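Notes to accompany the following structure.
Number of protein chains: 2
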Amino acid sequence: MGDPGLFQGTFELEEQVMEMLGAMLHLPYACGYISTGGTESNIQAVRAMRNRNRSIIHPNIVVPDSAHFSFDKVGDLSGIDIRRATLSDNLQVDTDAVNSLIDTNTVGLVGIAGTTEFGQVDPLETLSDIAIENGLPFHVDAAFGGFVLPFLKNKYKFDFEIAGVSSVTIDPHKMGLSTIPSGGLLFRHSLDLDNLAVKTPYLTISSQYSLTGTRSGAAVVSTYAVMRHLGRKGYGTIVQRCMDMTDRLVAGARNIGIQPVIEPVMNIVALDVESPTEIQSRLYEDFGWRVSLTRNPQALRLVIMPHLDNEIIDMFLANLDTVVNRS
Amino acid sequence: MGDPGLFQGTFELEEQVMEMLGAMLHLPYACGYISTGGTESNIQAVRAMRNRNRSIIHPNIVVPDSAHFSFDKVGDLSGIDIRRATLSDNLQVDTDAVNSLIDTNTVGLVGIAGTTEFGQVDPLETLSDIAIENGLPFHVDAAFGGFVLPFLKNKYKFDFEIAGVSSVTIDPHKMGLSTIPSGGLLFRHSLDLDNLAVKTPYLTISSQYSLTGTRSGAAVVSTYAVMRHLGRKGYGTIVQRCMDMTDRLVAGARNIGIQPVIEPVMNIVALDVESPTEIQSRLYEDFGWRVSLTRNPQALRLVIMPHLDNEIIDMFLANLDTVVNRS
């Protein structure tokens with residue numbers, strides 16, 4: 420993908436993938452590209468924000484405290500100050516906290532559609548209003564949620580349907596079920612993509628906006644294939660199945676006296692147990708389960724992906740019961 | 420590769436690949452990782468330089484004017500001033516020019532082992548001396564040359580064998596013949612790798628030094644496989660064959676009155692023709708050849724990769740002769 424002049428077939432497929440992603444995200448003529456994943460997409464979105472305002476010497480952006488650590492990478496890389504706004508009790512970002520962190524050096528806002536740890540969706544319409552009031556670009560990190568939220572029974576606005584959203588990260592290689600590495604970055608305005616371009620002297624094209632240079636065509640082709648194969652109906656069936664397993668997991672956990680930290684929005688569950696690190700170790704040592712932890716509050720984190728089934732959910736619940744209640 | 424605690428097998432293979440790369444580059448205990456390619460590796464090497472000197476407000480690095488455009492990306496991304504030193508007539512960087520660009524805000528030097536456009540190798544030992552004198556880290560971009568130079572009859576020092584070299588970019592997915600995306604970044608001192616780490620709350624590991632988050636294990640596994648399969652002997656045979664074809668191309672070009680811009684060091688040839696853009700168009704329109712151009716001097720650029728053979732070289736020469744001399 421590094422040189423669309425030489426590899427025209429994959430370039431055409433990339434344009435079609437962007438059109439399909441755009442249509443899914445309520446902006447069929449969005450521009451963007453297939454990246455290596457959420458980290459590259461977030462780095463580039465923040466770079467585009469800064470590049471709208473190159474005259475600001477000490478730029479900052481305001482992100483939810485729940486933002487993925489890729490924002491720490493872009494902060495370290497770019498010198499842009501990453502201001503983390505505190506969360507409300509329901510683990511959405513506190514929009515008053517966001518407002519209070521904005522100053523004349525702020526170059527953009529970020530909201531999350533499916534936080535990495537809890538699967539929560541920020542109050543994106545309010546954040547959009549704040550962005551518009553302050554004349555700021557607003558990036559939505561839907562790396563995980565982008566291929567889940569459109570297919571839920573409960574509807575959430577999270578994409579270009581919201582007026583202030585200027586860019587969206589959405590990862591085909593997460594719930595889009597494409598191969599790794601396949602990330603997605605979409606902009607509302609082509610100006611933002613143009614602002615990422617550097618000159619490319621020896622290629623058939625004169626500039627390149629991707630962060631990486633050489634890119635595998637496989638990312639584009641596999642994303643094209645799986646999106647065409649599944650379609651909205653296919654993704655809908657898969658997401659519904661994951662949500663059914665999620666509900667089963669939460670109901671089963673409640674049966675053994677364990678509550679979720681928040682009512683799951685998508686197929687990410689955080690279970691509120693006492694001594695999470697100890698439970699985590701026991702689950703691994705006694706039964707071989709690898710479970711990750713959330714930070715604040717600390718809890719057992721489970722992502723209910725399509726390769727699981729009810730039998731596995733039930734087996735996990737039985738083992739969790741043993742570890743938590745019978746020892 | 421995003422979580423070595425979960426995917427221990429690929430993590431172990433990555434360690435073995437780093438050991439093999441290190442052994443090839445005269446530092447068996449180098450540290451580093453398999454990246455997405457030369458751009459990520461160069462970005463990270465520059466970031467590591469800057470992170471050794473976080474107190475400098477307006478940092479700069481000095482690179483050859485022949486440096487790849489990935490350095491423009493890291494400049495735009497990081498705000499680090501990329502100072503491009505002029506080249507000598509032989510298209511190596513002019514070390515006096517490098518010296519004159521160094522000031523108290525300089526955080527590192529870069530040299531190229533195989534420039535993208537001409538395949539030239541900079542005077543790396545002199546650059547190393549300059550780096551040592553000024554107490555600066557010195558990065559060698561051997562993205563292309565790393566898998567060529569060790570196997571040439573003419574020997575070039577370009578890696579950790581040179582005392583001042585602190586990091587090396589070497590791309591398995593170029594002449595290492597691995598799959599895309601497979602880049603390599605190696606550091607002499609683990610401190611530099613540590614300086615890239617960000618905290619990773621929800622993984623089994625506590626920090627991550629790669630720029631991208633999710634990485635495909637395929638990059639590591641295919642690099643491991645091809646390096647073990649070919650070995651030094653296999654790469655030697657392939658490089659020698661590419662150099663034989665390169666010599667054939669240059670001799671054939673001379674026969675039809677066309678000189679190379681420099682005597683090729685590796686399997687990259689720049690042919691000095693009149694009106695290069697016109698010749699480029701004619702080659703494509705009349706015969707279907709896609710040839711790129713160098714900038715300064717402008718010339719036809721050819722990279723003689725292993726999938727070519729003498730028949731193709733001869734066919735190209737015949738067509739070039741027609742376009743240049745018979746029309």
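Protein chains in written order, with the working numbering: chain A, 420 to 746; chain B, 420 to 746.
For glycine and all other residues, C-beta sits at the position ideal for the given N, C-alpha and C.
Just so we're clear, the structure is a prediction, and the values are computed from it rather than from any experiment.
Query raised in the report: Residues of chain B with CB under 9 Å from D491 of chain A, in chain order?
Result: Your numbering for residue 491 of chain A matches position 72 in the first sequence. The contacting residues are V617 and K618.
Requested in this report: Please name the residue, chosen from B:S597, B:A562 and B:M594, that lies closest to V587 of chain B on a Cα-to-Cα basis.
Outcome: To locate residue 587 of chain B, count along the second sequence from 1; it is residue 168. The shortest C-alpha separation from V587 of chain B is found at B:A562.
Requested in this report: Determine whether the Cβ of R709 of chain B lies closer than 7 Å to any Cβ atom of chain A.
Outcome: As a first step, residue 709 of chain B is located in the second sequence; it is residue number 290 there, counting from the start. Taking Cβ atoms only, chain A reaches closer than 7 Å to R709 of chain B, which makes this a yes.
Query raised in the report: For I599 of chain B and chain A, any beta-carbon pair shorter than 7 Å?
Result: As a first step, residue 599 of chain B is located in the second sequence; it is residue number 180 there, counting from the start. Closer than 7 Å to some Cβ of chain A, the Cβ of I599 of chain B qualifies, so yes.
Query - C-beta neighbour in chain A for V505 of chain B, strict 7 Å - result: In the second sequence, the residue the question calls residue 505 of chain B occupies position 86. First, the amino acid is wrong: residue 505 of chain B is Thr here, not Val. Chain A contact via Cβ: absent.
Report task. Can you tell me which of the three DSSP states H648 of chain A falls into? Result -> Position 229 of the first sequence, counted from the start, is the residue given in the question as residue 648 of chain A. Of the three classes helix, strand and coil, the one that applies to H648 of chain A here is helix, per DSSP.
Query - Distance between beta carbons of Q717 of chain B and V710 of chain B, contact taken as under 8 Å - result: Position 291 of the second sequence holds residue 710 of chain B. Position 298 of the second sequence holds residue 717 of chain B. That pair is no contact at about 12 Å.
Query raised in the report: Given 8 Å as the limit, is there contact between the stretch 625-633 of chain B and the stretch 472-491 of chain B, that is, 3 or more CB pairs closer than that?
Result: no
Query raised in the report: Fully enclosed by the stretch 479-539 of chain A, which alpha helix (DSSP H) runs are 4 residues long or longer?
Result: 489-497 and 514-520
Requested in this report: Say whether chain B places a C-beta atom closer than 7 Å to the C-beta of G433 of chain A.
Outcome: In the first sequence, counting from the first residue as 1, residue 433 of chain A sits at position 14. The residue you asked about is not Gly; residue 433 of chain A is Glu in the sequence shown. Not an interface residue.
Requested in this report: Kindly list, in the order they appear in chain B, the residues whose Cβ is closer than 8 Å to that of H726 of chain A.
Outcome: Taking the first residue of the first sequence as 1, we reach residue 726 of chain A at position 307. Correct list: empty, because the minimum Cβ distance to chain B is about 14 Å.
Query raised in the report: Which same chain residues, not among the five before or five after E580 of chain B, have their C-beta less than 6 Å away from its C-beta?
Result: Taking the second sequence and counting its residues from 1, one reaches residue 580 of chain B at position 161. Closer than 6 Å at the Cβ level, and outside the excluded window around E580 of chain B, lie H445.
**Report entry** Y621 of chain B at chain A interface by Cβ criterion, 7 Å
**Finding:** For this step, residue 621 of chain B is matched to residue 202 along the second sequence. With 7 Å as the cut-off, Y621 of chain B counts as an interface residue toward chain A.
Requested in this report: Determine the chain B residues that contact E459 of chain A at a beta-carbon separation under 7 Å, and present them in chain order.
Outcome: By one-based count along the first sequence, residue 459 of chain A stands at place 40. Per Cβ cutoff of 7 Å: T631.
Report task. Alpha carbon to alpha carbon, how far is I657 of chain A from N744 of chain A? Give it in angstroms, no decimals. Result -> Residue 744 of chain A sits at position 325 when you count from the first residue of the first sequence. Residue 657 of chain A sits at position 238 when you count from the first residue of the first sequence. Distance between the alpha carbons of N744 of chain A and I657 of chain A is about 33 Å.
Report task. Could you list which residues in chain A have their beta carbon closer than 7 Å to that of S635 of chain B, in chain order? Result -> For the purposes of this step, residue 635 of chain B is taken as residue 216 along the second sequence, with counting starting at 1. The answer, in chain order, is I599 and P600.
Query raised in the report: Under a CB-based cut-off of 7 Å, is E697 of chain A close to chain B?
Result: Stepping through the first sequence from its first residue, residue 697 of chain A is reached at position 278. So, not an interface residue.
Query - Start and end residues, beta strand (DSSP E) containing T588 of chain A - result: Looking up residue 588 of chain A in the first sequence gives position 169. Unbroken beta strand (DSSP E) run through T588 of chain A: V584 to T588.
Requested in this report: Grab the span of the alpha helix (DSSP H) containing F735 of chain B for me, first residue to last.
Outcome: Within the second sequence, the letter at position 316 stands for residue 735 of chain B. Here the alpha helix (DSSP H) through F735 of chain B covers N729 to N744.
Requested in this report: With 9 Å as the C-beta to C-beta threshold (strictly closer), list the residues of the stretch 514-545 of chain B near chain A in chain order.
Outcome: T535 and E536
Query raised in the report: Ends of the beta strand (DSSP E) at D560 of chain A?
Result: If you number the first sequence from 1, residue 560 of chain A lands on position 141. Where D560 of chain A is concerned, the enclosing beta strand (DSSP E) stretches over F557 to D560.
Requested in this report: Look at the Cβ atom of A442 of chain B, then the Cβ atom of D611 of chain B, and state whether they are nearer than 7 Å.
Outcome: Residue 442 of chain B sits at position 23 when you count from the first residue of the second sequence. Residue 611 of chain B sits at position 192 when you count from the first residue of the second sequence. In this structure, D611 of chain B does not lie closer than 7 Å to A442 of chain B by Cβ.
Requested in this report: Quick one: grab the DSSP three-state call for G655 of chain A.
Outcome: Indexing the first sequence from 1 puts residue 655 of chain A at position 236. In the structure shown, G655 of chain A sits in a helix (DSSP, three-state: H, G or I).
Query raised in the report: Does DSSP put D691 of chain A in a helix, in a strand, or in coil?
Result: Taking the first sequence and counting its residues from 1, the one referred to as residue 691 of chain A is at position 272. Strand.
Query raised in the report: L425 of chain B: buried (16+ other C-beta within 10 angstroms of its C-beta) or exposed?
Result: Along the second sequence, one-based indexing puts residue 425 of chain B at 6. Burial call: exposed.
Query raised in the report: Residues of chain B with a CB under 8 Å from the CB of R714 of chain A: which are they?
Result: Here residue 714 of chain A refers to the residue found at position 295 when the first sequence is read from its first residue. What R714 of chain A touches in chain B: P620 and Y621.
Query raised in the report: At a Cβ cut of 7 Å, what residues of the stretch 448-476 of chain A count as close to chain B, listed as they run along the chain?
Result: T455, G456, G457, T458, E459 and R466
Query raised in the report: Quick one, which residues of the stretch 719-746 of chain A are near chain B if we go by CB-CB under 9 Å, in chain order?
Result: R720
**Report entry** Cross-strand partners of H720 of chain B (DSSP beta bridge)
**Finding:** One-based indexing of the second sequence puts residue 720 of chain B at position 301. The question names His, but residue 720 of chain B is Arg in the sequence shown. Paired residues: B:A689 and B:S711.
Requested in this report: Identify whether P679 of chain B lies in helix, strand or coil by the three-state DSSP scheme.
Outcome: Reading the second sequence from its first residue, position 260 is the one you call residue 679 of chain B. P679 of chain B falls in the strand class under three-state DSSP.
Requested in this report: Could you list which residues in chain A have their beta carbon closer than 7 Å to that of G498 of chain B, in chain order?
Outcome: To locate residue 498 of chain B, count along the second sequence from 1; it is residue 79. By Cβ distance, chain A contributes S497 and G498.
Query raised in the report: Going straight from the alpha carbon of V526 of chain B to that of N509 of chain B, what length do you get?
Result: What you label residue 526 of chain B is simply residue 107 of the second sequence in a count that begins at 1. What you label residue 509 of chain B is simply residue 90 of the second sequence in a count that begins at 1. Rounded to whole angstroms, V526 of chain B to N509 of chain B spans 27 Å at the Cα level.
Query raised in the report: Name the residues in the stretch 567-596 of chain A whose C-beta lies less than 7 Å from a C-beta of chain B; which are they?
Result: H592
Query raised in the report: Mind listing which residues of the stretch 677-702 of chain A have their C-beta closer than 8 Å to chain B's C-betas, in chain order?
Result: none
Query raised in the report: Ordered along the chain, which non-local residues of its own chain (more than five positions away) have a Cβ less than 6 Å from that of I551 of chain B?
Result: Position 132 of the second sequence, counted from the first residue, corresponds to residue 551 of chain B. Excluding positions up to five away in sequence, the list reads G583.
**Report entry** Assumed close pair V688 of chain B, P679 of chain B - CB separation to whole angstroms, cut-off 8 Å
**Finding:** Within the second sequence, residue 688 of chain B is the residue found at index 269, counting from 1. Within the second sequence, residue 679 of chain B is the residue found at index 260, counting from 1. Confirmed, Cβ separation roughly 6 Å.
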